[in-house]
Amino acid sequence: MKLTTVAIVAVDGFSPFHYSVPCILFGDSISGEKRFDVRICAETPGMLTSRDGFALNATDDFSAIGRADIVVVPYWAHVLHRPPQTLLDSLVQARNHGAEIVGLCLGAFVLGYAGILDGKRAATHWEFERQFQSLFPAVALDINALYVDDDRIITSAGTAAALDCCLYIIRQRFGSTVANQIARRMIVPPHREGGQAQYIAQPVPENTRDARINSLIDYLQRNIAQPLSLDALAERVAMSRRTLTRHFMKATGMSVAGWLTAERLRRSQLLLEAGTLPIDTVAEQVGFLSAVTYRQQFKARFGVSPAEWRKTFRTRL
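Laid out in structure tokens, this is it:
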């Protein structure tokens, strides 16, 4: 069987975890069978060091990228710094020759600088959404996806999503049986449900510069499980419905309904993680009038069901 050549782009100051993922998954130490010819490529071949004291031996320069079947960029430390033109040219050359191009985590920025993501969907770490969109407005960033494959240009979300992405590539080339076998040996799921939204910190504003809105937010937090109409809330703060809507949006950046939904979902996460209450009871305790609506809202916001969230994040004593 002809081996699939994988060129992994290496840079000085590399992140050990980001590089270990493609090296392990495309290597033969876990799978027990050699399917890939892995080449570590740097601007200048030789030893590279990480900030953590690890060392990596790059056997090839960037010219090897153009001859690879798969090119993986696992990492890029400084997203606002344009990569060397020799690297960008090599990626374009590899793409023109039909190679599959992969940007793991912040490696997606390198693909963006090379211009090969223009007009395509892509993923990257959620914390760098604004920088990515500012630098590459021609790219359709999907900030919730764990990984995105658009015409064999594949990008992944942050850190551990590289495992999902590399297993996906193996599954595409060698089938589910091989990918599942490797996943079992690594003690990771062969496929994860949902996306980055499960892991993004989404704080709900609790204090603003508007004293009346702060007072209302305090009231909402203490009565989150109760039916709360906009008219009743407006009367409570001695405002018209329209004025309350305007002031609340100005103070929090959210509508009253949006704030309530976000806070109720946040409270439900805590209940799901901390105990074994039935999902319908959780919905009721945080103020959703319908468990069906709760499940729909939860799935829309986080990409997984409440039951799947509990399975992933439940606290085990």
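The sequence shown maps to residues 1 to 317 in UniProt numbering.
Just so you know, even glycine gets a beta-carbon here, dropped at the ideal spot from N, CA and C.
Name, in chain order, the residues that DSSP records as bridge partners for residue i.
i    : result
I153 : I101, D150
G46  : A58
F36  : T4
R121 : A140
C41  : V9, D60
DSSP state of residue i, grouped into three classes?
i           : result
A58         : strand
T261        : helix
I200        : Its pLDDT being 44, under 50, I200 is placed unreliably in this model, and the coordinates cannot settle the point.
F288        : coil
L141        : strand
I70         : strand
V304        : coil
V178        : helix
G194        : Low local confidence applies: a pLDDT of 49 at G194 is under 50, so the model's placement there is unreliable, with the coordinate-based value given in what follows. Coil.
Q226        : coil
F109        : helix
P83         : coil
residue 320 : Nothing about residue 320 can be reported from this structure: the residues present for the chain run from 1 to 317 only.
I116        : coil
M254        : coil
T293        : helix
Y168        : helix
I65         : helix
I30         : coil
A274        : helix
Would the beta-carbon of residue i fall within 8 Å of that of residue j?
i    : j    : result
A123 : A157 : yes
M104 : I65  : Reading the sequence as shown, one finds Leu at residue 104 and not Met. Cβ distance not < 8 Å, so L104 and I65 don't count as in contact.
V9   : C166 : no
W76  : P84  : no
L88  : A114 : yes
V256 : L233 : yes
E43  : I70  : no
D164 : L141 : no
Starting from residue i, trace the alpha helix (DSSP H) both ways and give me its first and last residue.
i    : result
D231 : 230 to 236
R130 : 129 to 135
F17  : 16 to 25
Let me confirm a value: residue i is counted as buried when at least 16 other C-beta atoms fall within 10 Å, else exposed. Which label applies?
i    : result
H97  : exposed
L111 : buried
P137 : exposed
R310 : buried
G287 : buried
A307 : exposed
L3   : exposed
Q196 : With a pLDDT of 49 at Q196, under the threshold of 50, the modelled position of this residue cannot be trusted, and the question is left open.
E33  : exposed
G13  : exposed
Q297 : buried
Q226 : exposed
Verify the CB distance criterion: does residue i have a CB-CB separation below 8 Å to chain D?
i    : result
I279 : In the displayed structure, chain D is absent; only one protein chain is listed.
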